[in-house]
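First up is the structure itself, then whatever we jot down about it.
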Amino acid sequence: MSNNNAQRTVTVRIQRFNPDTDKKPYMQDYQVEMKPGMTVLDALHEIKTHQDGTVTYRRSCRHAICGSCAMHINGRNTLACNTPLKNEVTHKNTVTIGPLPYLPVIKDMVVDRTTFWEEYLRVKPWLIPPDDIPEKEFRMSQDEVKALHDAETCIMCGACYSSCAVIGLNKKYIGPHALLKSFMRVLDPRDSSPAERLEEVSGADGVYRCHTIFNCIDACPKGLNPTQAIETLRKLAQKRQKLEEARRERQKHLNEPIPA
Ligand code: FES
1 MSNNNAQRTV TVRIQRFNPD TDKKPYMQDY QVEMKPGMTV LDALHEIKTH QDGTVTYRRS
61 CRHAICGSCA MHINGRNTLA CNTPLKNEVT HKNTVTIGPL PYLPVIKDMV VDRTTFWEEY
121 LRVKPWLIPP DDIPEKEFRM SQDEVKALHD AETCIMCGAC YSSCAVIGLN KKYIGPHALL
181 KSFMRVLDPR DSSPAERLEE VSGADGVYRC HTIFNCIDAC PKGLNPTQAI ETLRKLAQKR
241 QKLEEARRER QKHLNEPIPA
């Protein structure tokens, strides 16, 4: 009689690289007993705790919230903590794990995200409120909130950035993650700097550098659509003067109740 809960041993193949001691990356295999409900991150913990403490990766929340555990699993960027191990086991009984592509490797799956964060800060992803702040609260319509919702749920894991063909070509580029945040603030009726933001993303390394290959959409573990955001920014950049006037008008009424 078959036992559905029977445990099975799978090979977890990990790309190892320590720039201090290794000339180039190499693959190392570990055998892991696959338990029910196990994720790829659980398998890495199992290896690190019981087999090889030198295996190095980032992780924190284990709930697809912090974005630290983004890595390259069986040829695609995703989060290790919400990827079931059993879904990744190939017909050769193997799961292959490596670091996010196109970024310098610090060790094993840990990559240097300096440029990722620099571009993020460059677009000033925080709210720049108008001088005239309402006494109690900003009031936004449901449609205005809805327009920002997707961009707000981005967890900054880097999966989109490191799947982008432009980043792969080593070209200077703001990147889909930062352009998504810029899009969010440009559309935010509370923000007072849409024109400056559009100007920042309109340069040669901004929205016009996107090749519209959609890799970022495929890679996003949250199902977001940075390509569409970039396309919207492109259109708005061309109409920014008009937008600025409309924003000034809207901000005159932000402290008033939303009509039913
Ligand atoms: S550990 Fe936080 S997103 Fe995976």
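Residue numbers (the working numbering): 1 to 260. Built from N, CA and C at the ideal position, the CB exists for glycine as well. Remember, it's a predicted structure, so these values are computed and weren't measured experimentally.
**OP:** Quick one: residues in its chain with C-beta nearer than 7 Å to the C-beta of Ser202, no 5 flanking neighbours on either side, listed in chain order?
**Re:** For the purposes of this step, residue 202 is taken as residue 202 along the sequence shown, with counting starting at 1. Hits under 7 Å: Ala237.
Original post:
When DSSP labels each residue in this structure, what does Ser2 get in the three-state scheme?
Top reply: On the sequence shown, position 2 is the one that residue 2 refers to. Bear in mind that the predicted position of Ser2 carries a pLDDT of just 41, short of 50, making it unreliable; the figure below should be weighed with that in mind. The answer is coil: DSSP assigns Ser2 none of H, G, I, E or B.
Original post:
Between the beta-carbon of Asn77 and the beta-carbon of Ala151, is there less than 7 Å?
Top reply: Counting from one through the sequence shown, the residue named residue 77 turns up at place 77. Counting from one through the sequence shown, the residue named residue 151 turns up at place 151. The answer is no: Cβ separation not under 7 Å.
Subject >> C-beta atoms of Arg197 and Thr96 nearer than 7 Å >> reply: Position 197 of the sequence shown, counted from the start, is the residue given in the question as residue 197. Position 96 of the sequence shown, counted from the start, is the residue given in the question as residue 96. Against a cut-off of 7 Å, the Cβ pair of Thr96 and Arg197 comes out as no contact.
Subject >> Per DSSP, cross-strand counterpart(s) of Glu119 >> reply: In the sequence shown, residue 119 corresponds to position 119, counting from 1. DSSP output for Glu119 lists no bridge partner at all.
Original post:
At what residue ranges does the stretch 121-198 contain a whole run of the alpha helix (DSSP H), taking only runs of 4 or more?
Top reply: Listed in chain order, the complete alpha helix (DSSP H) runs (minimum 4 residues) inside the stretch 121-198 are 142-152, 165-168 and 176-187.
Original post:
Ala147 to Cys157, Cα distance in whole Å?
Top reply: Along the sequence shown, read from residue 1 onward, the residue named residue 147 stands at position 147. Along the sequence shown, read from residue 1 onward, the residue named residue 157 stands at position 157. Rounded to whole angstroms, Ala147 to Cys157 spans 21 Å at the Cα level.
Original post:
With Pro176 and Pro226 assumed to form a contact (beta carbons below 8 Å), what rounded beta-carbon distance in angstroms separates them?
Top reply: In the sequence shown, residue 176 corresponds to position 176, counting from 1. In the sequence shown, residue 226 corresponds to position 226, counting from 1. That pair is a contact at about 4 Å.
Original post:
Can you pull the DSSP bridge partners for Ile73?
Top reply: Taking the sequence shown and counting its residues from 1, the one referred to as residue 73 is at position 73. Beta-bridge pairing links Ile73 to Arg76 and Ile97.
Original post:
If you compare alpha carbons, which of Leu180, Glu256 and Val10 is closest to Lys136?
Top reply: Residue 136 sits at position 136 when you count from the first residue of the sequence shown. For the residues Leu180, Glu256 and Val10, the minimum Cα distance to Lys136 belongs to Glu256.
Original post:
Where in the stretch 2-71 do unbroken runs of the beta strand (DSSP E), each at least 3 residues long, occur, reported from the N-terminal end onward?
Top reply: 8-16 and 26-34
Original post:
Is it right to say Ala204 is buried, meaning 16 or more other beta carbons lie within 10 angstroms of its own, or is it exposed?
Top reply: Counting from 1 along the sequence shown, the entry for residue 204 is found at position 204. So Ala204 ends up on the exposed side.
Original post:
For Val89, which three-state DSSP category applies?
Top reply: Start at 1 with the first residue of the sequence shown, and residue 89 comes out as number 89. Correct three-state label for Val89: coil.
Subject >> DSSP bridge partner residues for Val110 (one or two, in chain order) >> reply: Position 110 of the sequence shown, counted from the start, is the residue given in the question as residue 110. Looking at the DSSP assignment, Val110 forms a beta bridge with Lys107.
Subject >> 7 Å Cβ shell around Pro104 - same chain, five flanking residues per side excluded >> reply: Taking the sequence shown and counting its residues from 1, one reaches residue 104 at position 104. Closer than 7 Å at Cβ, skipping near neighbours: Val111 and Asp112.
Original post:
Does DSSP put Pro221 in a helix, in a strand, or in coil?
Top reply: Walking along the sequence shown from the start, residue 221 turns up at place 221. Of the three classes helix, strand and coil, the one that applies to Pro221 here is coil, per DSSP.
**OP:** Mind checking who Pro259 pairs with in its DSSP beta bridge?
**Re:** Mapped onto the sequence shown, residue 259 falls at position 259. Residue pairing by DSSP leaves Pro259 without any beta bridge partner.
Original post:
Near Arg240, which residues of its chain fall below 6 Å by C-beta distance, leaving aside the five closest residues on each side in sequence?
Top reply: On the sequence shown, position 240 is the one that residue 240 refers to. Ala195 and Leu198, listed in sequence order.
Original post:
Considering Lys239, what are the terminal residues of the alpha helix (DSSP H) in which it resides?
Top reply: Here residue 239 refers to the residue found at position 239 when the sequence shown is read from its first residue. Here Lys239 belongs to no alpha helix (DSSP H), and DSSP marks it neither H nor E.
**OP:** Would you check whether the ligand FES has a heavy atom nearer than 6 Å to the C-beta of Cys220?
**Re:** Within the sequence shown, the letter at position 220 stands for residue 220. Flag unset: Cβ of Cys220 not near the ligand FES.
Original post:
Could you give the distance in angstroms between the alpha-carbon of Lys48 and the alpha-carbon of Pro84?
Top reply: What you label residue 48 is simply residue 48 of the sequence shown in a count that begins at 1. What you label residue 84 is simply residue 84 of the sequence shown in a count that begins at 1. Each residue's Cα considered, the two are about 18 Å apart.
Original post:
Should Val166 go down as buried or exposed, given a rule of 16 or more other Cβ atoms within 10 Å for buried?
Top reply: Here the question's residue 166 lines up with position 166 in the sequence shown. Buried, because 16 or more other Cβ atoms sit within 10 Å of the Cβ of Val166.
**OP:** Report the rounded CA-to-CA distance for Leu179 versus Val207, giving the unit in angstroms.
**Re:** Mapped onto the sequence shown, residue 179 falls at position 179. Mapped onto the sequence shown, residue 207 falls at position 207. Approximately 7 Å between the Cα atoms of the pair.
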